Structures are given as structure tokens and as C-alpha cells.
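Using my numbering, read the sequence shown as starting at 3 and increasing by one per residue. Glycine is no exception: its CB is placed at the ideal position from the N, C-alpha and C atoms. Remember, predicted model here, so these are calculated numbers, not experimental data. Reading through the C-alpha cells given below for one structure.
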Amino acid sequence: MNPADKTHHRLDLRDIWAIVKKRKLLLILPFLAVLITVLGFSFLVTPVYESSTTILLVKSQLLSRSIESILPGEPGSLPSQVEQKLSTIRSQILSSGFLVRLIQDLKLDKNPSLDKTAAAAKSDFPSYNVEEIKYILLINKLRRNIYVQFRGENLVEIVCRSDSPQRATDMAKTLAKIFIEENLKYELIGVRETLEFSDEQLAIYKRKLDESEQRLKNFKEQTIKLNLNEVSTNTQNIREIDSEVDATRMELTNLGRRREELKQTLQTAGLAQYFRFSSSQLETLKSKLLNLVGDYATLLTRYSWKDARVLNLTNQSKLILDDIQKLIGRDLDSFQPNLEPGLKTALTEYLFSAYKESFLQNKQEVLNGVVDKLKGVLAKQPDYELTLSTLQKEVESNQKLYDAFVQQAQGSQISQQVQQKEAESKYRVLEPATAPLKPVKPDRPRVTLFGIALGLAVGMGSVIVSEILDHSFRKVEEVEEYLNIRVMGTIPRIESAGPSPSSARSKLITAAAVVVLSLTLVLLLIKFVTS
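Here is the structure:
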């Protein structure tokens with residue numbers, strides 16, 4: 003039976019001190035071993051730098067405060083809503099799309115060691131190529147080193163860790179920029195789609211408007227070429243020209259009778275040889291007169307019969323006829339100065355009637371052509387008016403639609419600018435990322451405290467285990483209690499002249515075993531923490 007099984011130990015502070023003093027080697031060696039190992043590991047481990055940026059999410063005030071006050075529930079966001087919002091933002095930032103863009107912007111895939119790791123892992127992932135494996139490894143690593151958290155209801159903090167202070171800063175800045183740009187893109191996608199639709203329709207109706215205007219222009223030019231004029235094609239004007247044709251026809255008839263009378267008179271007087279009398283001046287005036295007749299065709303298809311231009315042409319014709327008559331009289335005076343006045347007058351009238359008859363015949367022919375042309379145009383006038391009206395309405399319709407899409411495009415541009423300003427104020431970097439001055443890992447003060455605490459724990463554990471395994475008597479009372487006899491005296495411990503080899507060896511082995519166990523425990527703990 004062991005003494006410890008029968009006795010009940012009551013330890014006081016002096017007993018504890020005695021135990022510590024007795025087992026000081028088991029306390030000190032593990033303590034120093036653990037502390038030195040932990041501190042050494044803190045100097046060997048790769049430092050980790052941390053950079054963070056804070057984004058302000060401004061809540062859109064879509065409803066007035068008076069309306070919000072009458073809505074059920076407390077104002078503000080519920081904890082569950084805040085947690086859901088944070089989860090959504092965290093998932094968005096840590097999504098593959100965001101991280102792939104981060105990798106591409108910072109060129110994180112341009113790393114020789116990463117190429118080797120991906121090539122080594124190719125055998126485990128035969129369905130992926132090396133580039134895809136690189137991105138998978140980088141995305142998994144980034145997700146372990148990026149943290150998203152709320153620092154209030156509307157403050158999102160993005161924390162990035164890396165072994166390089168500049169890279170940690172660049173990661174935080176780039177992620178904040180990507181987050182804001184993607185959210186701005188999402189906010190403006192509706193306006194941009196409307197703007198793109200307006201631009202497409204604007205181009206379509208601009209083309210339609212140009213085409214309809216060109217058709218109207220071509221029709222008007224064709225109308226002008228056809229000399230379509232509301233004044234010239236007026237029925238009253240056509241009747242006046244037709245009346246002039248009738249008057250010309252009657253004048254020709256009367257002139258023909260008069261010529262026959264004069265011809266008989268002159269033949270009786272023996273003046274038939276002068277029937278073909280002419281001169282170069284007379285032929286020039288005749289040619290000029292006939293040219294004026296041709297101008298009727300041009301003027302009467304554009305102006306009325308009573309227009310000043312037409313009346314002026316008629317007066318010019320009369321003046322030329324008067325000049326021809328006077329010139330014939332002067333020429334006859336030169337050739338036949340002794341001719342009787344009566345016969346001279348008859349001969350002059352006969353010769354002049356030939357020129358006038360030629361003039362009236364040409365005039366009648368031209369006026370008949372004008373009347374026929376104007377009547378034909380007048381018959382087609384309703385078709386021209388209908389076509390003109392249709393083309394004008396088409397232009398007006400296309401113009402209205404074009405103006406409507408211009409206004410819509412302008413409104414969409416204004417809306418886009420307004421929403422962009424609102425979105426820019428809604429997502430704003432409140433605290434930009436800055437380069438860290440010192441690493442967050444390893445934190446040597448904390449590591450030292452951890453090593454001290456762990457060393458003390460291991461040392462005290464070693465002492466406690468040793469005490470539990472030690473079954474020797476420590477006090478006289480333990481002997482009396484165990485043997486149920488009174489102790490009459492004690493013999494002090496007699497120390498030998500030198501330490502016992504077996505005792506020293508035993509202590510050394512025990513201390514070494516404790517140190518090895520302590521180091522093993524520390525290494526396992528470090529591996530667990532860093533994995």
C-alpha cells in the first residue's frame with residue numbers, strides 16, 4: 003500500500019515553496035527551453051504586414067423622414083440586416099471575379115515560385131492547366147489573407163495581409179477601387195442601357211429623317227423643273243391664256259382676209275413684184291420678234307398672263323412690230339419715192355401683215371403648247387399635292403420622333419451624371435490604405451508573454467507530474483499516519499561526499515525527457531497555429 007493512498011496531504015504555502023525549490027530544475031529547464039524556442043521561432047518566421055482601408059456606404063434617402071417615421075418597426079437597420087449586408091459585401095469582395103481582377107491588376111501571377119508550385123500540383127489536377135492552377139492557388143491564398151468587417155453600420159473595412167508592406171497596401175487600395183467601380187457599374191447599368199437604347203434609336207431616326215428630307219427635297223426640285231406653280235396652274239390664268247389664243251386666232255383670220263384684199267389691189271396696180279420685198283434689218287427684227295414669242299413658253303409656266311414680266315414681253319413684241327412697220331415705210335420711200343400714197347400705204351400694210359402673220363402664228367402655237375402643258379399639270383396637281391403632303395408629314399413625324407429621342411438621350415445623360423455623382427458620394431474611401439511601418443506578425447511582446455506563460459505551464463506541469471509520481475515520505479506526520487505508531491526521533495539525511503552517479507544520471511535523463519517533451523509540444527502548437 004502506497005503512503006500516498008493512505009494519507010491525505012494538506013499543503014500550505016511553505017510546502018509549495020519546498021516542492022518548487024526541490025523541483026527547480028524541472029521548472030527552469032522547460033521554461034527556458036519553451037521561451038527560447040518561441041522567441042527563436044518569432045525571429046525565423048516570415049513577417050506579415052497588414053494594411054486596411056475603410057469605405058463609407060452612404061444610405062440613399064429615398065423616403066422623407068416624416069414618411070419613415072410612420073412606417074412600422076424601428077428606424078435603422080436590424081442586427082440581422084447588418085449581418086446579412088456584411089455577408090453580402092464579404093462574399094462580393096472575396097468572389098473569384100474580384101480576386102481575379104486583383105491578381106491581374108497587381109500581376110500577382112508573375113511569380114517564379116508560384117509557377118513551380120503550380121507545375122508540381124499539375125499531376126493532382128490533370129483537368130486544369132498550369133495557369134488555372136496558379137489562379138486557384140492565388141485565390142485560396144488571398145481569401146486566407148483578406149478580411150472584411152464592419153466598423154459601424156455604414157463603414158466597411160477591408161484588411162489585407164502580405165509578407166510585403168507595399169503589396170499589402172496595393173491589395174487594400176486595389177480591392178477598394180474594384181469594389182467601388184463594380185458597385186458604380188451596377189448602379190449605372192440601368193441608365194447606361196437606356197442611354198445606349200436612346201443612342202441606337204437616335205441614329206435610326208436621324209437616318210430616317212435625313213432620308214425623308216432628301217425625298218422631299220428631290221420632289222420639290224422635280225416640281226420646280228416641271229415649273230409647277232400655284233399661280234401659273236390657276237384655272238383663271240389658264241382661261242386668260244386660252245382667251246388670248248382665241249383672240250390670236252381671230253386676229254389671224256382677219257389678217258388673212260385683209261391680206262387677200264391688199265394682194266388683189268396691188269396686183270391690179272402692177273406691184274406684185276414687191277410682194278417678196280425684204281432687207282437684212284427687217285430679217286433681224288423678225289428674228290428678234292420670234293425669239294420673244296418663244297419666251298412666252300418660259301414665262302407663262304411660272305407667272306400669270308397679267309404678270310408684269312408677261313405684259314412687258316407683250317409690249318416689247320408690239321414695239322418690234324411697230325419698228326418693222328416703220329422700217330418698211332422708210333425702205334419703200336427709198337426704193338419707190340414716186341409711188342402714189344394710197345398704193346404705198348397698201349404695199350406697206352401688205353408687207354407688214356406678212357411679218358405680223360408669222361408672229362401671230364408662232365404666238366398661237368406657243369400659247370397652245372403652254373395651255374396644253376398647264377392643263378396637263380393642273381390635272382396632275384392633286385397627285386403632286388398629295389405626294390407633297392405625305393412627304394411633309396413623314397418629315398414632321400420623323401422630326402418629332404428624332405427630337406423625342408434627343409430629349410431622352412439628353413435626359414439619360416443628365417440622369418447618368420446625377421446618379422454617378424450620387425453613387426460616387428455613396429461609395430467613398432474614408433480612410434485610404436497606408437503602408438504599415440511594422441509587421442503584425444510576429445508580435446514579439448505577445449510572443450514573449452505567450453512563451454513565458456507556456457514555459458511556466460510546462461514547467462509547473464512537470465513539477466506536478468513528478469510530485470504525483472514520487473511516493474516517498476516528506477513529513478514525520480506522514481510516517482505516523484501511515485504506520486500508526488509514534489515517531490520517537492529522526493535521523494538527518496546524510497549526504498555523501500560526492501553526488502551519486504545514478505542519482506545525477508536519473509535527474510539528467512528526467513530533465514532531458516522533460517525538455518524534449520516541452521519542445522515537441524511547442525513545435526506541434528506552433529505548427530497548428532501557423533497552418
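| message | Per the DSSP calculation, LEU140 is bridged to which residue(s)? | response | Translated into the one-based positions of the sequence shown, residue 140 becomes position 138. Partner(s): none; LEU140 has no beta bridge.
| Which residues bound the beta strand (DSSP E) around LEU294? | The count along the sequence shown starts at 1 and reaches residue 294 at position 292. Taken as a continuous stretch (DSSP letters only), LEU294 belongs to no beta strand (DSSP E), being part of the alpha helix (DSSP H) at 282-302.
| request: Could you tell me if VAL478 is buried or exposed, where buried requires 16 or more neighbouring beta carbons within 10 angstroms of its beta carbon? | output: Position 476 of the sequence shown holds residue 478. Its Cβ having fewer than 16 others within 10 Å, VAL478 is exposed.
| Which whole-angstrom value is the C-beta distance of LYS143 and ALA120, which I expect to be below 8 angstroms? | On the sequence shown, residue 143 is found 141 positions in, with the first residue counted as 1. On the sequence shown, residue 120 is found 118 positions in, with the first residue counted as 1. Their Cβ separation, rounded to whole angstroms, is 12 angstroms, which puts LYS143 and ALA120 out of contact at 8 angstroms.
| By DSSP, does ILE487 sit in helix, in strand, or in coil? | In the sequence shown, residue 487 corresponds to position 485, counting from 1. Of the three classes helix, strand and coil, the one that applies to ILE487 here is coil, per DSSP.
| task | To the nearest angstrom, report how far apart ASP297 and ASP324 are at their CA atoms. | result | Reading the sequence shown from its first residue, position 295 is the one you call residue 297. Reading the sequence shown from its first residue, position 322 is the one you call residue 324. Rounded to the nearest angstrom, the two C-alpha atoms are 19 angstroms apart.
| task | Tell me whether LYS320 sits in a helix, a strand or coil according to DSSP, three-state version. | result | Here the question's residue 320 lines up with position 318 in the sequence shown. The answer is helix: DSSP assigns LYS320 an H, G or I state.
| field | Short Cβ contact (8 angstroms threshold) for LEU362 with LEU264 | value | Position 360 of the sequence shown, counted from the first residue, corresponds to residue 362. Position 262 of the sequence shown, counted from the first residue, corresponds to residue 264. Against a cut-off of 8 angstroms, the Cβ pair of LEU264 and LEU362 comes out as no contact.
| request: Quick one: grab the DSSP three-state call for THR39. | output: Locating residue 39 in the sequence shown gives position 37, where the first residue counts as 1. Three-state result, THR39: helix.
| Buried/exposed call for PHE452, threshold 16 Cβ in 10 Å | Translated into positions along the sequence shown, residue 452 becomes position 450. Classification of PHE452: buried, given that the 10 Å Cβ count is 16 or more.
| Residues in its own chain within less than 6 angstroms of THR48 by CB, not counting five upstream and five downstream? | Stepping through the sequence shown from its first residue, residue 48 is reached at position 46. Cβ within range, chain order: ASP165.
| query | At a Cβ threshold of 8 angstroms, is LEU29 touching chain D? | reply | The structure shown contains no chain D; it holds only a single protein chain.
| query | If you draw a straight line from the alpha carbon of LEU29 to that of ALA459, how long is it in whole angstroms? | reply | In the sequence shown, the residue the question calls residue 29 occupies position 27. In the sequence shown, the residue the question calls residue 459 occupies position 457. Using only the alpha carbons, I get a separation of about 9 angstroms.
| task | Rank VAL372, LYS23, ILE95 and GLN401 by C-alpha distance to the C-alpha of GLU215 and give the top, closest one. | result | As a first step, residue 215 must be located in the sequence shown, where it is residue number 213. GLU215 has its Cα closest to that of GLN401, out of VAL372, LYS23, ILE95 and GLN401.
| task | Quick one: grab the DSSP three-state call for GLN338. | result | Along the sequence shown, one-based indexing puts residue 338 at 336. GLN338: coil per DSSP, three-state reduction.
| request: Would you kindly check if the distance between the Cβ of ILE243 and the Cβ of VAL372 is under 8 angstroms? | output: Indexing the sequence shown from 1 puts residue 372 at position 370. Indexing the sequence shown from 1 puts residue 243 at position 241. Contact flag set, yes.
| query | Would you call the segment 156-173 and the segment 121-130 in contact, with 3 or more CB pairs under 8 angstroms? | reply | no
| Which value, in whole angstroms, describes the spacing of the CA atoms of ASP374 and ILE240? | In the sequence shown, residue 374 corresponds to position 372, counting from 1. In the sequence shown, residue 240 corresponds to position 238, counting from 1. Using only the alpha carbons, I get a separation of about 9 angstroms.
| said: Would VAL431 and THR55 be called neighbours here (beta carbons separated by less than 8 angstroms)? | reply: Position 429 of the sequence shown, counted from the first residue, corresponds to residue 431. Position 53 of the sequence shown, counted from the first residue, corresponds to residue 55. Yes, they are a contact pair.
| query | From SER306 to SER336, what distance separates their C-alpha atoms? | reply | Residue numbering aside, residue 306 sits at position 304 when the sequence shown is read from its first letter. Residue numbering aside, residue 336 sits at position 334 when the sequence shown is read from its first letter. Taking the straight line from one Cα to the other gives about 43 angstroms.
| message | DSSP three-state label for GLU155, please. | response | Counted from its first residue, the sequence shown places residue 155 at position 153. Here GLU155 sits in coil by DSSP.
| task | Select from ILE191, LEU58 and ALA437 the residue whose C-alpha is nearest the C-alpha of LEU157. | result | As a first step, residue 157 must be located in the sequence shown, where it is residue number 155. It is LEU58 whose Cα lies nearest to the Cα of LEU157.
| Whole-angstrom Cβ separation of LYS465 and ARG25, contact assumed at under 8 angstroms? | Within the sequence shown, numbered from 1, the residue matching residue 465 stands at position 463. Within the sequence shown, numbered from 1, the residue matching residue 25 stands at position 23. Checking the sequence shown, residue 465 turns out to be Val, not Lys. Contact flag correct, Cβ pair sits at about 4 angstroms.
| field | Same chain, Cβ closer than 6 angstroms to TRP19, five either side skipped, listed in chain order | value | Translated into positions along the sequence shown, residue 19 becomes position 17. For TRP19, where only same-chain residues beyond five positions count, there are no Cβ hits under 6 angstroms.
| Looking at SER355 and LEU257, is the spacing between their C-beta atoms short of 8 angstroms? | As a working mapping, residue 257 is identified with position 255 in the sequence shown. As a working mapping, residue 355 is identified with position 353 in the sequence shown. Cβ atoms of LEU257 and SER355: closer than 8 angstroms.
| query | Based on the DSSP secondary-structure assignment, which residues constitute the bridge partners of ILE160? | reply | Numbered from 1 along the sequence shown, position 158 holds the residue referred to as residue 160. THR55 and VAL150.
| task | Assign LEU439 to buried or exposed, taking buried as 16 or more other Cβ atoms, counted over all protein chains shown, within 10 Å of its Cβ. | result | Counting from one through the sequence shown, the residue named residue 439 turns up at place 437. LEU439 is exposed by the Cβ-count criterion.
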